[in-house]
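Residue numbers (the working numbering): 3 to 485.
Okay, structure first, notes after.
Next comes the structure, spelled out in structure tokens:
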């Protein structure tokens, strides 16, 4: 898949991660599998987080096929021990949405341009510096307020330093600065490729990895973009995200040749301005979770169970997320069709009352998984969605999904992808939120140039229509070039 946004099912992508890419690194035999270290998915040379790519094979000039390959390994000193890798992306996208915000209103059209440029400087085997600039243009009709992750003159999207090494046969490293982060379930933390600018963090990340186990600790504050130049992008003061993500390789022989991983995680999110109902107060939310994902024969799965505890404005938090996605491959070839479904439970209740808050939260996750229009999120949500993915004309990849969704409790609201409630939905009955039909087509012209098209038809259910909300259609298409 050419972009890092999940299709209707995240299972259409290998490993059920937030697939961005097209590269596959070549870890040494004693290392933890590179595909599972929490840096997203790479295949064919490209990754959403460009620093996760490994172009060291182009040290040999004979392996460079064109002028772009020349940019991936620029030797500076030490016979290639110090080298620079340049990267970039240009993406032009058009979105059309009827009844924006699910209200009876003029259609919205967004014409969006993304420009990224990155530089990755390796100084020997143990030190590297990475920097990335980003620009976003937004034009169109009925736009409303343009957020700085959609319209931005120039932003420092990433800027960090890495120090890595090996201690007693354990690969260790530490990173400090502004960076993307994806070490967790797709629906909880990803860079969000649907936005023009990525969602990023500021702080440190450190890791230790053996062949079979790993641990990743972090302490971050999200990036707060301004929409001017590079001087107005800062670390948020209200939110702090910290914790540990771990991983265990399941022995391949356990299920007859599987590639499965068990990833326990323990996180804490502190927010001085969390909004639930009419209240704005301090929240400390702890995430106790376990993710099981990977391949077992023709079955690809991504299962997460997450209990959330803590406090909100002196009220206790008790919430659950259960996210179950799986597909089955119908054939042996890499392009064989896949059929599957995802079934998800996100607890709800308490935002508009007193006592225990039972609304679950997916703080930094894939924001288009339940709706391309950003009209759903795993808070007070129950969803069931069968899907199918297949290829035609050799390279054209098609995905279709039919999703049904309900509220966990009718005393709480229906929530958008940004976490805000659809106003008034908490005051009306109706369990059913919507039926959502979604289609995606991806055509890679080359490994660098691709086209993606999407369509969604949302049929509002009583949980929305009782509060005055309408049906909506969404159509999008974009062409992307990355090097």
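The beta carbon of each residue, even a glycine, is placed where N, CA and C say it ideally should be.
Cβ-heavy atom distance, residue i to the ligand FAD, below 8 Å
i           : result
residue 213 : Questions concerning the ligand FAD fall outside what the structure shown contains, since it holds no ligand whatsoever.
Own chain residues within Cβ distance below 6 Å of residue i, not counting five before or after
i           : result
residue 182 : 51, 193, 200 and 202
residue 102 : 110
residue 341 : 330 and 390
residue 250 : 215 and 264
residue 209 : 175 and 218
residue 278 : 353
residue 326 : 305 and 345
residue 464 : 432 and 434
residue 190 : 364 and 367
Chain-order list of residues whose beta-carbon lies under 7 Å from that of residue i (same chain, five-residue window excluded)
i           : result
residue 430 : 468 and 469
residue 307 : 291, 292 and 324
residue 54  : 41, 42 and 44
residue 230 : 155
residue 281 : 315
residue 298 : 257, 260 and 262
residue 221 : 205, 206 and 244
residue 472 : 101, 104, 105, 106 and 462
residue 162 : 132, 177, 178, 179, 180 and 181
Cβ-Cβ distance between residue i and residue j below 9 Å
i           : j           : result
residue 320 : residue 358 : yes
residue 241 : residue 268 : no
residue 197 : residue 152 : yes
residue 158 : residue 141 : no
residue 432 : residue 187 : no
residue 171 : residue 212 : yes
residue 419 : residue 361 : no
Identified DSSP bridge partners for residue i
i           : result
residue 112 : 97 and 142
residue 134 : 120 and 160
residue 192 : Answer is none; residue 192 lacks a bridge partner.
residue 317 : 314
residue 282 : 277
residue 476 : 99 and 458
CA-to-CA distance, residue j to residue i, given in whole angstroms
i           : j           : result
residue 136 : residue 484 : 14 Å
residue 150 : residue 228 : 6 Å
residue 90  : residue 120 : 6 Å
residue 386 : residue 347 : 9 Å
residue 254 : residue 294 : 14 Å
residue 304 : residue 38  : 13 Å
residue 33  : residue 410 : 43 Å
residue 93  : residue 75  : 24 Å
residue 68  : residue 87  : 15 Å
residue 413 : residue 313 : 20 Å
residue 36  : residue 288 : 28 Å
8 Å CB neighbourhood of residue i in its chain, flanking five on each side removed
i           : result
residue 487 : For residue 487 there is no data in the structure shown, the boundaries of the chain being 3 and 485.
residue 421 : 277, 363, 379 and 381
residue 77  : 61, 84 and 85
residue 128 : 165, 166 and 167
residue 479 : 95, 96, 453, 454, 455 and 456
(Q) Counting beta carbon pairs with one atom in the region 426-440 and one in the region 402-414, are three or more of them shorter than 8 Å? (A) yes
Q) Are the region 451-469 and the region 366-381 in contact at 8 Å, needing three or more beta carbon pairs? A) yes
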